[in-house]
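Trainee: According to UniProt numbering, the sequence shown is numbered sequentially starting from 1.
Have a look at the structure that comes next, please.
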Amino acid sequence: ITSLLLKEYEDTGTINLKNFWIRRIKRLLPAVFALIVVVGIATLLLHPEHIVRVKHDMIAAIFYVSNWWYIAKDVNYFEQFSFMPLKHLWSLAIEEQFYLFFPAVLLLFMAIVKKKKNVILIFWIISLV
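So, in structure tokens, the structure goes:
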């Protein structure tokens, strides 16, 4: 992702954040919606007693905030025996939150530092820390 964003910056002198975010939405949301529909139907048919909790998990998944939802509800990510068919989406939520903020941070660094090599070095050092 970083190299794609840096190439766009080199080619155009900026990073079109709106286009970047739209591409991410188009790439991931259809699969998430399909998963949510299948899980919703399966829950209604096989575990209707869990539909209220799963409904809340579905809403959190659509908005990519599952990680925060589970933290707010004090859910243990590693608990193995509870019925939580969307629990794995917490990691996708973190990834999408990263993609929400990282391009703007990269654009800011590019505007301040100017040299691609220096920006890469800064992010490399940050990743080591």
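Where is the CB? At the ideal position from N, CA and C, for every residue including glycine.
If you're wondering where the values come from, they're calculated on a predicted model, not measured in any experiment.
Do V39 and L86 have their C-beta atoms closer together than 7 angstroms?
Mentor: Taking 7 angstroms as the Cβ cut-off, V39 and L86 qualify as a contacting pair.
Trainee: Let's test the definition: count the other Cβ atoms within 10 Å of the Cβ of Y70 and tell me whether it reaches 16, buried, or not, exposed.
Mentor: Buried, since its Cβ has 16 or more Cβ neighbours within 10 Å.
Trainee: What residues in its chain sit with their C-beta under 7 angstroms from that of H47, if we drop five residues either side in the sequence?
Mentor: Counting only Cβ-Cβ distances below 7 angstroms, and skipping sequence neighbours, we find F83.
Trainee: Looking at the secondary structure, which residues open and close the alpha helix (DSSP H) in which H88 lies?
Mentor: Counting along the chain, H88 falls outside any alpha helix (DSSP H), and DSSP gives it neither H nor E.
Trainee: Count the C-beta pairs between the segment 101 to 113 and the segment 3 to 11 that are closer than 8 angstroms, then say yes if the count reaches three, no if not.
Mentor: Output reads yes: the segment 3 to 11 touches the segment 101 to 113.
Trainee: Roughly how many angstroms separate the alpha carbons of F123 and L45, rounded to a whole number?
Mentor: Computed Cα separation, rounded: 48 angstroms.
Trainee: Kindly list the residues whose CB is nearer than 8 angstroms to the CB of V119, restricted to its own chain and excluding five residues on each side of it in sequence; keep chain order.
Mentor: Correct list, in chain order: L6, L106, F109, M110, V113.
Trainee: Helix, strand or coil for E79, going by three-state DSSP, please let me know.
Mentor: Reduced to three states, the DSSP call for E79 is coil.
Trainee: Suppose the cutoff is 8 angstroms on Cβ atoms and the five residues either side in sequence are ignored; what does the same chain contact list for I36 look like?
Mentor: M58, A61, I62, L86.
Trainee: Measure the CB-CB distance between S127 and A93 and report whether it falls below 7 angstroms.
Mentor: Taking 7 angstroms as the Cβ cut-off, S127 and A93 do not qualify as a contacting pair.
Trainee: Taking the alpha carbon of G13 as the point to measure from, which residue in I22, K115, I125, W21 has its own alpha carbon closest?
Mentor: That would be K115, whose Cα lies nearest to the Cα of G13.
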